[in-house]
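Numbering (this note's numbering), first residue to last: 1117 to 1369. Don't be surprised by glycine CBs; every beta carbon is placed ideally from N, CA and C.
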Ligand SMILES: NC(=O)c1ccc[n+]([C@@H]2O[C@H](COP(=O)([O-])OP(=O)(O)OC[C@H]3O[C@@H](n4cnc5c(N)ncnc54)[C@H](O)[C@@H]3O)[C@@H](O)[C@H]2O)c1
């Protein structure tokens, strides 16, 4: 019962496909209404249909997170439409494209930090007022194992994800008095549109075989962690990073 999200409204950024869609599916099955955000209209509409098929209210919010003014004003309009936003999943992101340090130009660097870091900051700021007024909220940042262990490529991606851990820790302290919890979920390798192009089927199979727990983590495994952190079962959990990663990285502190 505690895992139920009945009566809650969740905004999931980048939920027009990939893991964001999976979070919308699991969370709506547990009773949450969902504001489906993405830059891709078709994908967002499909996710919203899935939420409705699960018996919950869905609305579609189309915005490029790089346009902070447009993105945040649409978040505020969606909050008015739904009456509240209880849960924010900062999920929208782009791949590091396996770029080596010398290959990362200024535009690519700025885009990475703007999409992953700046957008998460301002999306959270947009929902904060309502959460403070209601003294209730769960903010979930989607990080990565690269934030903790680094990677031998895509240092801009690793650093942007590590910045989300900084927000998680700081906001957990800053918002605790208002009963707003902030946690991060840090996936390992997950097969989605983001990773499919840059890995051959052989590489993916090999990676799965080498996982300590014997298989690759799936979007659903990540959604279970996200939905749990959104639920009242975790009302005493804040400032934490949970990493469903098939045992590939063991999180320290
Ligand atoms: N796939 C993995 O192995 C993996 C591992 C660790 C963390 N992650 C993180 O998980 C999250 C989801 O990734 P995914 O694997 O589902 O990838 P995905 O590409 O399927 O989903 C990302 C979504 O973000 C949206 N998006 C991207 N740029 C946007 C913009 N400027 N404005 C609005 N929306 C935008 C995309 O349209 C897409 O729907 C990302 O933050 C990613 O960094 C992924």
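Quick check on the burial criterion: 16 or more other C-beta atoms within 10 angstroms. Buried or exposed for residue i?
i            : result
residue 1361 : buried
residue 1202 : buried
residue 1154 : buried
residue 1212 : buried
residue 1143 : buried
residue 1264 : buried
residue 1183 : exposed
residue 1318 : exposed
residue 1337 : buried
Taking the straight line between their C-alpha atoms, what separation do you get for residue i and residue j?
i            : j            : result
residue 1304 : residue 1350 : 22 angstroms
residue 1210 : residue 1232 : 8 angstroms
residue 1145 : residue 1136 : 14 angstroms
residue 1168 : residue 1243 : 23 angstroms
residue 1321 : residue 1292 : 42 angstroms
residue 1166 : residue 1206 : 20 angstroms
residue 1250 : residue 1280 : 24 angstroms
residue 1325 : residue 1365 : 15 angstroms
residue 1173 : residue 1150 : 6 angstroms
residue 1191 : residue 1208 : 14 angstroms
residue 1221 : residue 1323 : 29 angstroms
residue 1179 : residue 1247 : 22 angstroms
residue 1333 : residue 1266 : 19 angstroms
residue 1290 : residue 1327 : 37 angstroms
residue 1315 : residue 1294 : 43 angstroms
residue 1339 : residue 1134 : 11 angstroms
residue 1120 : residue 1230 : 33 angstroms
residue 1223 : residue 1273 : 13 angstroms
residue 1241 : residue 1218 : 34 angstroms
residue 1330 : residue 1286 : 35 angstroms
residue 1238 : residue 1187 : 9 angstroms
residue 1125 : residue 1352 : 20 angstroms
residue 1307 : residue 1139 : 15 angstroms
Report yes if the C-beta of residue i is less than 8 angstroms from at least one heavy atom of ligand 2; otherwise report no.
i            : result
residue 1308 : Ligand 2 is absent from the structure shown, which contains only ligand 1.
Rounded C-beta distance between residue i and residue j? I'm assuming under 8 angstroms.
i            : j            : result
residue 1276 : residue 1228 : 5 angstroms
residue 1160 : residue 1132 : 4 angstroms
residue 1355 : residue 1301 : The Cβ separation is near 13 angstroms, so there is no contact.
residue 1346 : residue 1261 : Not confirmed; about 21 angstroms, so no contact.
residue 1259 : residue 1342 : Actually they are not in contact, since the Cβ atoms of residue 1259 and residue 1342 sit about 12 angstroms apart, beyond 8 angstroms.
What are the boundary residues of the beta strand (DSSP E) that includes residue i?
i            : result
residue 1175 : 1174 to 1178
residue 1367 : That residue, residue 1367, is in no beta strand (DSSP E); it is neither H nor E in DSSP.
residue 1154 : 1149 to 1154
The alpha helix (DSSP H) with residue i in it runs from where to where?
i            : result
residue 1169 : 1157 to 1169
residue 1337 : 1335 to 1346
residue 1243 : 1235 to 1250
Could you tell me which whole alpha helix (DSSP H) segments of length 4 or greater appear in the stretch 1259 to 1331? You should have 1261 to 1265, 1271 to 1291, 1309 to 1312, 1317 to 1325.
Secondary structure, alpha helix (DSSP H): runs of 4+ residues fully inside the stretch 1180 to 1225: 1184 to 1198, all fully within the stretch 1180 to 1225.
Within the stretch 1118 to 1147, ranges of the alpha helix (DSSP H) (whole runs, at least 4 residues): As far as the stretch 1118 to 1147 is concerned, its whole alpha helix (DSSP H) runs of at least 4 residues are 1134 to 1145.
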